[in-house]
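Note that numbering that gives the first Met the number 0 has the sequence shown beginning at 0, numbered continuously upward. No residue lacks a Cβ here, since even glycine has one placed at the ideal position from N, Cα and C.
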Amino acid sequence: MIKKTFAAAVLCLWFMVLGVLFVSLNYLKTEALPSREQDSPDREMVSKIISGALRGTETFYDSLRKHHVPAETINTVIGCLSGLVDFRRCKPGVQYELELSPAGDVVQCRYYVSPVEVYTLKKEKDNYSIYTEDVEIERHIVKLSGEITSSLFESFGESGEDDRLILAFADIFASDLDFNTEPQPGDRFTMIFEKYFKDDQLVGYGHILAARYETASDGYEAYYHARPGEKGSYYDAQGKSLGKHFLRSPVPFSRLTSGFSRSRKHPILGINRPHLGIDLAAPTGTPVLAAADGVVVSRGRRGGYGKQVVLKHPGGYATYYGHLSRFARGIKPGARVKQGETIGFVGATGLATGPHLDYRIKARGVFRNPFSLRFRPKMVLKGRQLGRFLARKEEMSDIMGIAAPRYEKRLGSCKASGVSLI
Numbered sequence: 000m001i002k003k004t005f006a007a008a009v010l011c012l013w014f015m016v017l018g019v020l021f022v023s024l025n026y027l028k029t030e031a032l033p034s035r036e037q038d039s040p041d042r043e044m045v046s047k048i049i050s051g052a053l054r055g056t057e058t059f060y061d062s063l064r065k066h067h068v069p070a071e072t073i074n075t076v077i078g079c080l081s082g083l084v085d086f087r088r089c090k091p092g093v094q095y096e097l098e099l100s101p102a103g104d105v106v107q108c109r110y111y112v113s114p115v116e117v118y119t120l121k122k123e124k125d126n127y128s129i130y131t132e133d134v135e136i137e138r139h140i141v142k143l144s145g146e147i148t149s150s151l152f153e154s155f156g157e158s159g160e161d162d163r164l165i166l167a168f169a170d171i172f173a174s175d176l177d178f179n180t181e182p183q184p185g186d187r188f189t190m191i192f193e194k195y196f197k198d199d200q201l202v203g204y205g206h207i208l209a210a211r212y213e214t215a216s217d218g219y220e221a222y223y224h225a226r227p228g229e230k231g232s233y234y235d236a237q238g239k240s241l242g243k244h245f246l247r248s249p250v251p252f253s254r255l256t257s258g259f260s261r262s263r264k265h266p267i268l269g270i271n272r273p274h275l276g277i278d279l280a281a282p283t284g285t286p287v288l289a290a291a292d293g294v295v296v297s298r299g300r301r302g303g304y305g306k307q308v309v310l311k312h313p314g315g316y317a318t319y320y321g322h323l324s325r326f327a328r329g330i331k332p333g334a335r336v337k338q339g340e341t342i343g344f345v346g347a348t349g350l351a352t353g354p355h356l357d358y359r360i361k362a363r364g365v366f367r368n369p370f371s372l373r374f375r376p377k378m379v380l381k382g383r384q385l386g387r388f389l390a391r392k393e394e395m396s397d398i399m400g401i402a403a404p405r406y407e408k409r410l411g412s413c414k415a416s417g418v419s420l421i
């Protein structure tokens with residue numbers, strides 16, 4: 000009897016233990032795996048991030064609609080950013096990030112026109128703030144040199160750098176060298192320039208800090224220098240401004256087809272007569288630049304010269320630009336122009352066998368060969384400014400002296416807002 004009672008008690012105790020274990024395991028399972036009803040509120044609290052890039056002719060509005068963003072929300076974003084961004088000129092590749100709250104309201108939007116041009120819209124309490132981000136970029140300094148084989152453009156093209164850089168290089172020496180006619184095989188060029196990156200992506204080029212062009216018989220040097228509160232410009236090794244009162248050529252990178260002559264056989268009329276200017280061949284529509292500051296004296300058709308512009312300059316000088324295809328906007332008698340301003344476009348109007356510019360310069364009533372004239376520098380550095388310039392020049396000269404044809408060094412980070420890009 001006692002044995003039966005003991006066995007029943009053990010069996011009962013065993014069932015009680017199993018019961019406790021079952022309840023405990025079920026409780027733990029419930030804690031570890033909450034139900035869908037418990038989980039959904041947490042998931043609903045997460046903001047939605049929408050990112051994309053404009054493709055083809057797609058607009059910002061179209062791109063966001065593809066992501067099912069409500070039209071009202073898109074209009075809110077565009078309305079806020081329109082003071083900084085011209086959405087009518089959206090370009091392919093423009094990127095954006097839009098953050099929406101769980102309720103679908105705009106939290107933040109970042110609009111990337113370029114790696115360094117970023118506009119932000121941000122919700123702050125009941126209002127939106129908009130601003131331009133001051134992006135951090137990396138500054139590199141690069142020294143590049145090469146030898147002319149056929150033309151400056153072709154020789155530079157082997158470097159892999161953008162053509163903007165060689166155009167800026169040619170512009171530095173525009174008052175002393177005509178890169179249309181003067182470069183010869185064996186000439187050498189060297190430049191030191193700034194190069195900016197964002198996340199290893201090229202943002203653009205800064206200033207050319209120093210440049211040198213060497214021919215068989217001569218050499219030209221230029222160093223960038225900015226006086227306090229003024230825009231920087233280029234000076235030779237003695238601190239004399241390279242900017243002259245007249246450009247060497249009003250059509251950069253054209254080709255000289257006929258020089259200055261007191262007697263030349265006319266290609267159409269077939270008779271000998273003076274050619275008191277130079278002919279610079281270039282494709283129709285190539286911009287023609289004002290050789291110097293001046294005032295438009297005349298603009299119109301003039302016999303064999305076709306469409307022609309005449310400018311009057313200080314010091315008794317006048318320049319003539321013939322065979323133009325058309326005139327630039329605003330060019331009319333009495334209009335003032337600045338050196339380097341586009342006044343017209345290359346053409347073949349009048350007596351011309353092909354598109355070219357007939358360029359003439361008159362000095363105190365007498366036509367002169369534009370390539371034989373020499374003009375004084377616009378400015379000469381003195382005193383402290385000259386001292387600062389010479390110290391900087393020595394630093395650049397040391398880098399130019401590096402034997403390798405290419406040298407590049409990272410100098411650190413800076414804010415994009417303080418950088419002028421070409």
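{"Asked": "Candidates GLU157, GLY145, ASP162, GLU57: which alpha carbon is nearest THR214's?", "Found": "GLY145"}
{"Asked": "Report the rounded CA-to-CA distance for LYS392 versus LYS337, giving the unit in angstroms.", "Found": "29 angstroms"}
{"Asked": "Decide yes or no for the touch test of the stretch 140-158 against the stretch 176-191: beta carbon pairs closer than 8 angstroms, at least 3 of them.", "Found": "yes"}
{"Asked": "Check the C-beta distance from GLY51 over to TYR95 and give it rounded, since I have them as a contact under 8 angstroms.", "Found": "6 angstroms"}
{"Asked": "Which residue wins for smallest C-alpha separation from ILE421, given the options LEU389, ARG163, LEU151?", "Found": "ARG163"}
{"Asked": "What are the residues that DSSP puts in a beta bridge with CYS413?", "Found": "ILE136"}
{"Asked": "For the structure I just gave you, are there three or more beta carbon pairs, one from the stretch 330-346 and one from the stretch 368-378, closer than 8 angstroms?", "Found": "no"}
{"Asked": "For the 8 angstroms Cβ check, are there 3 or more pairs between the stretch 150-162 and the stretch 120-137?", "Found": "no"}
{"Asked": "Write down every uninterrupted run of the beta strand (DSSP E) in the stretch 82-166 whose length is 3 residues or greater and which is fully enclosed by it, in chain order.", "Found": "94-99, 105-113, 116-123, 126-132, 135-146"}
{"Asked": "My output table needs one value for LYS47: the three-state DSSP class, helix, strand or coil.", "Found": "strand"}
{"Asked": "Once the 5 residues before and after SER416 are set aside, which same chain residues still bring their CB inside 7 angstroms of it?", "Found": "ASP133"}
{"Asked": "Per DSSP, which residues does SER62 bridge with? Please list them.", "Found": "The partner list for SER62 (beta bridge, DSSP) is empty, contrary to what the question assumes."}
{"Asked": "Quick one: using the 10 Å Cβ neighbour count with 16 as the cut-off for buried, is ILE401 buried or exposed?", "Found": "exposed"}
{"Asked": "If I measure Cβ to Cβ from SER158 and keep anything under 8 angstroms in the same chain, skipping five residues before and after, which residues do I get?", "Found": "LEU143, GLY145, ARG405"}
{"Asked": "Would you kindly work out how many angstroms separate the C-alpha atoms of GLY325 and ASP170, rounded to a whole number?", "Found": "Checking the displayed sequence, the identity of residue 325 turns out to be Arg instead of Gly. Distance between the alpha carbons of ARG325 and ASP170 is about 24 angstroms."}
{"Asked": "Using DSSP with H/G/I as helix, E/B as strand and the rest coil, what is GLU57?", "Found": "coil"}
{"Asked": "Which one of LYS311, TYR304, VAL418, SER396 has the shortest CA to CA distance from ALA209?", "Found": "SER396"}
{"Asked": "Would you say TYR223 and ASP235 are within 9 angstroms of each other, going by their C-beta atoms?", "Found": "no"}
{"Asked": "Whose CA, out of GLY339, ALA291, LEU356, lies closest to the CA of LYS306?", "Found": "LEU356"}
{"Asked": "Between the C-alpha atoms of PRO313 and VAL294, what's the straight-line distance to the nearest angstrom?", "Found": "9 angstroms"}
{"Asked": "Is VAL76 closer than 9 angstroms to LEU63 when the C-beta atoms are compared?", "Found": "yes"}
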